[in-house]
Amino acid sequence: MSNFKFIDLFAGIGGFHVAMESLGGECVFASEIDSFARKTYKHNFKRTNPALFNNGIFNDDIRKINPTDIPDFDILCAGFPCQPFSQAGHKRGFDDTHKSERGNLFFNIVEILEAKKPQAFFLENVRGIVNHDNGNTFKVIREIIENELGYSFHYQVVKASDYGLPQLRPRTFMIGFKGESVLSSFSFPPKIPLKFNMSDVWGGDCSREIGFTLRVGGRGSNINDRRNWDSYLVDGEVKKIMPEQARKMQGFPDSFEFPVANTQAMKQLGNSVAIDAIKTCGKAMIEHVKILKNMGESMPNTKNKGEWTELYSFLKVLNDKKLMLADKNLNIINKGDHFNVTKVTTLNIAESCYLLEDDFVLVKNEDTGVETKIKVSGFLNSNVLINLANSISDGSKTFNIPEFDLIQDTLGISIVKGGNSNQKSDIVLDINNNQISKTNEGFGIKSYLGSKPTLLNASGNTNFIFEILNLKSSHIDDVNSINTRTKLKDRIGKIHCLGGSFKFDRIETESMEYNLSMVDSLIPEIISTMLLEFYLNRTNAISANLENVFNNINSFGTDLISLQIKVKRLLVSILLGFFAGKKWDGRYVSNGTIVVKGTGEQVAFHVIDKDSLENYLFENIKFDTPSTTRYRYGSLILENDGKIYFKLNMQLRF
Numbered sequence: 000m001s002n003f004k005f006i007d008l009f010a011g012i013g014g015f016h017v018a019m020e021s022l023g024g025e026c027v028f029a030s031e032i033d034s035f036a037r038k039t040y041k042h043n044f045k046r047t048n049p050a051l052f053n054n055g056i057f058n059d060d061i062r063k064i065n066p067t068d069i070p071d072f073d074i075l076c077a078g079f080p081c082q083p084f085s086q087a088g089h090k091r092g093f094d095d096t097h098k099s100e101r102g103n104l105f106f107n108i109v110e111i112l113e114a115k116k117p118q119a120f121f122l123e124n125v126r127g128i129v130n131h132d133n134g135n136t137f138k139v140i141r142e143i144i145e146n147e148l149g150y151s152f153h154y155q156v157v158k159a160s161d162y163g164l165p166q167l168r169p170r171t172f173m174i175g176f177k178g179e180s181v182l183s184s185f186s187f188p189p190k191i192p193l194k195f196n197m198s199d200v201w202g203g204d205c206s207r208e209i210g211f212t213l214r215v216g217g218r219g220s221n222i223n224d225r226r227n228w229d230s231y232l233v234d235g236e237v238k239k240i241m242p243e244q245a246r247k248m249q250g251f252p253d254s255f256e257f258p259v260a261n262t263q264a265m266k267q268l269g270n271s272v273a274i275d276a277i278k279t280c281g282k283a284m285i286e287h288v289k290i291l292k293n294m295g296e297s298m299p300n301t302k303n304k305g306e307w308t309e310l311y312s313f314l315k316v317l318n319d320k321k322l323m324l325a326d327k328n329l330n331i332i333n334k335g336d337h338f339n340v341t342k343v344t345t346l347n348i349a350e351s352c353y354l355l356e357d358d359f360v361l362v363k364n365e366d367t368g369v370e371t372k373i374k375v376s377g378f379l380n381s382n383v384l385i386n387l388a389n390s391i392s393d394g395s396k397t398f399n400i401p402e403f404d405l406i407q408d409t410l411g412i413s414i415v416k417g418g419n420s421n422q423k424s425d426i427v428l429d430i431n432n433n434q435i436s437k438t439n440e441g442f443g444i445k446s447y448l449g450s451k452p453t454l455l456n457a458s459g460n461t462n463f464i465f466e467i468l469n470l471k472s473s474h475i476d477d478v479n480s481i482n483t484r485t486k487l488k489d490r491i492g493k494i495h496c497l498g499g500s501f502k503f504d505r506i507e508t509e510s511m512e513y514n515l516s517m518v519d520s521l522i523p524e525i526i527s528t529m530l531l532e533f534y535l536n537r538t539n540a541i542s543a544n545l546e547n548v549f550n551n552i553n554s555f556g557t558d559l560i561s562l563q564i565k566v567k568r569l570l571v572s573i574l575l576g577f578f579a580g581k582k583w584d585g586r587y588v589s590n591g592t593i594v595v596k597g598t599g600e601q602v603a604f605h606v607i608d609k610d611s612l613e614n615y616l617f618e619n620i621k622f623d624t625p626s627t628t629r630y631r632y633g634s635l636i637l638e639n640d641g642k643i644y645f646k647l648n649m650q651l652r653f
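Residue 0 is where the sequence shown starts when you use numbering that gives the first Met the number 0, and the numbers rise one by one after that.
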């Protein structure tokens, strides 16, 4: 880890950058929205890291970046906005949408961790975040990081003076590691003595050894005021702190320059991190990553239901050697309508291909060319498959299925390789019937062995943004405070009652807007109208929702049949073609889908019978309601341009 890559989110003037670079790190992406802070950041790092300021990787608004567009990295660093959780702010927490969306930007960090899966993260915030909202805010943060993302979570309230700097500055440090077991040995480093004191900072005899916490604004308090933070008694004289002293208190080197006015420099330093504290804890974090690598703990041997189902489907194909084709109700069309499968190549299980013949499978290692012939009935039959399906159905979160170990040994493969969320095909088959013969045909896998599968997962990419017209900003709290069981419906209704109206503005990310428009130029407007229908009237079935939109709101200048065709085309494109966070080239990445039913039986759809696939999706896909907090929607937002916005999220489930 002497040479590691990190990203610097909510970067400010680069406190994390200074600390991590001093430990051997290379910053490959940074994001900071404040124009004055950006000026200081670029001024100090453009010489040592010129690549950072090319190709758009010095980002401004974190909401505009697609996580998949960020270069690969090892460690995520972020001092995310603290005002929503601070004693000095309004303490609105995740609900702070009065100055853009600063309260819920933590969830942008979540999406980046989810997409890029770095080895570790280092987050910093005010100490008040631990107890904010009676501890509920911190509980949400921890549960998402541990349960949804699979990281460990370690935290400690740290003072700058704990690690050598003469400043109080209590802050919550949060550090976590990907795939670490519950038997973690990580601990924050022990405290160290002050490296220098406030007399050294001032170059004179100061009445305080450790300084006050640097603040943003509020200068001018009398030295005897209990709220004083910037006045010091030095050599018997009252002096106001300036950037020269504040820079030393935060641990910035003397060579760090501020190409801005002193008032901006003080604001920037007050918003920054204590570098020595970050550096000391960061060094311990990096050492722990090395330990985990040596122990192999970054490769957990448990899987979730989706990952186990991919393996189950692979074994089911080995056993059956055919795929039955289905109608829109998942019923087999007829016994003769099926694909014979002669070869299986998995994308997520092993680097091998499996040639099927009678009761044997010929396992060929693609790397070595070694072939092994194995009798399928010796380790696999319908009873084994039923037991495996039941084990998957009964599993919870991530779990192990010991029966798979024997199958792994028999086939001589590794079955613990995780899936790739950025692929449409989970399994590749050679198939044939009386109509077609195809090699290397990709199929996705959808499973009912548990909760119903999603067609489109919620993310920031799937947020639709509406401008709210004719509504006063004084009504924002009135609407956002509604917290009923049906709060989304009630908030939309309240906006209408207050005289506001919804005007579709855009989709949150450019890639999703581009992809929907690739299907049809009217699709963004159609879906935005369908979302309003869903959240207001709870019409979740796609087919019924579209009919209601046509009968009550239709402003698209076309008939219902044409609208249905457009929406069917969209559903197939989501299933086989594009990802929300990446621009689509218009081609299908997969040509079919395997559906594993709750009984363990599986059926298939293929573009050879596109009508059946379209009808299945159109009749079975519904809008779903993901977490409003997690996906940053459902609240009025007062943006910096003075306009009021409201977001609705599109998640589609079978």
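All C-beta atoms, glycine included, are put in the ideal place defined by N, C-alpha and C.
Values in this document were obtained by computation on a predicted structure and should not be read as measured data.
- Residues of the same chain with a CB within less than 7 Å of the CB of Phe255, apart from the 5 flanking positions on each side, are Asn43, Arg246 in chain order.
- Taking all protein chains shown into account, Ile593 has 16 or more neighbouring C-beta atoms within 10 Å of its C-beta and is therefore buried.
- In the three-state reduction of the DSSP assignment, Leu531 falls in the helix class, which pools H, G and I.
- In terms of Cβ geometry, Cys26 and Leu51 form a close pair [threshold 8 Å].
- DSSP links Tyr231 through a beta bridge to Lys238.
- Of the residues assessed, Phe195 falls on the exposed side of the cut-off, its CB having fewer than 16 other CB atoms within 10 angstroms.
- The distance from the Cβ of Tyr231 to that of Ser271 is about 20 Å, inconsistent with a contact at the 8 Å cut-off.
- For the options Asn133, Trp307, Asp429, Met197, the alpha carbon positioned closest to that of Ile400 is the one of Trp307.
- The three-state secondary structure of Tyr632, taken from DSSP, is coil.
- Residue environment: Cys496 is assigned as exposed (fewer than 16 neighbouring CB atoms within 10 Å of its CB, all protein chains considered).
- In this structure, Lys304 places its C-beta atom within 8 Å of the C-beta atom of Gly449.
- Put simply, of Arg141, Phe251, Asn65 the residue whose alpha carbon is nearest the alpha carbon of Phe152 is Arg141.
- For Tyr353, the uninterrupted beta strand (DSSP E) run begins and ends at 351-356, by DSSP.
- Taking 4 residues as the shortest admissible run, the segment 122-185 contains the following complete alpha helix (DSSP H) segments, listed from N- to C-terminal end: 135-142.
- Taking the C-beta atoms as reference points, Tyr632 is found nearer than 8 Å to Asn462.
- Under the DSSP assignment, Asp275 falls in the alpha helix (DSSP H) whose first and last residues are 274-294.
- The C-beta separation of Ile467 from Gly499 comes to about 5 Å, placing the pair in contact by the 8 Å criterion.
- Look at Leu268 here: in three-state DSSP terms it is helix.
- Phe338 is the residue among Leu354, Val360, Phe338 whose C-alpha sits nearest the C-alpha of Gln434.
- Boundaries of the alpha helix (DSSP H) around His42: 34-44.
- Our two residues, Asp429 and Asn551, have alpha carbons roughly 48 Å apart in a direct line.
- Under the three-state reduction of DSSP output, Asn439 falls in the strand class.
- Where His16 is concerned, there is no enclosing beta strand (DSSP E), although the alpha helix (DSSP H) around it starts and stops at 14-21.
- In terms of Cβ geometry, Ala10 and Asp161 do not form a close pair [threshold 8 Å].
- Considering only Thr367, Thr344, Glu309, the residue with the shortest C-alpha distance to Val360 is Thr344.
- Taking every protein chain shown into account, the CB of Gly443 has 16 or more other CB atoms within 10 angstroms, so this residue is buried.
- Just so you know, the alpha carbons of Asn364 and Lys372 end up roughly 12 Å apart.
- The distance from the Cβ of Thr508 to that of Gly580 is about 7 Å, consistent with a contact at the 8 Å cut-off.
- The way I'd put it, the segment 595-613 does touch the segment 310-329; three or more beta-carbon pairs between them come closer than 8 Å.
- Taking 8 Å as the cut-off, the beta carbon of Trp228 is found no closer than this to the beta carbon of Phe251.
- Sorting Val17, Val518, Val125, Gly149 by C-alpha distance to the C-alpha of Thr397 places Gly149 at the top.
- DSSP places His605 in no alpha helix (DSSP H) but in the uninterrupted beta strand (DSSP E) bounded by 601-605.
- Per the DSSP secondary-structure output, Gln407 pairs with nothing in a beta bridge.
- Remark: fewer than three beta-carbon pairs, one from each stretch, lie closer than 8 Å, so the segment 553-571 and the segment 622-629 are not flagged as touching.
- Each of Ile128, Pro49, Glu113 was checked against the Cα of Ser458, and the nearest Cα belongs to Glu113.
- CA-to-CA, the gap between Leu164 and Phe622 works out to about 53 Å.
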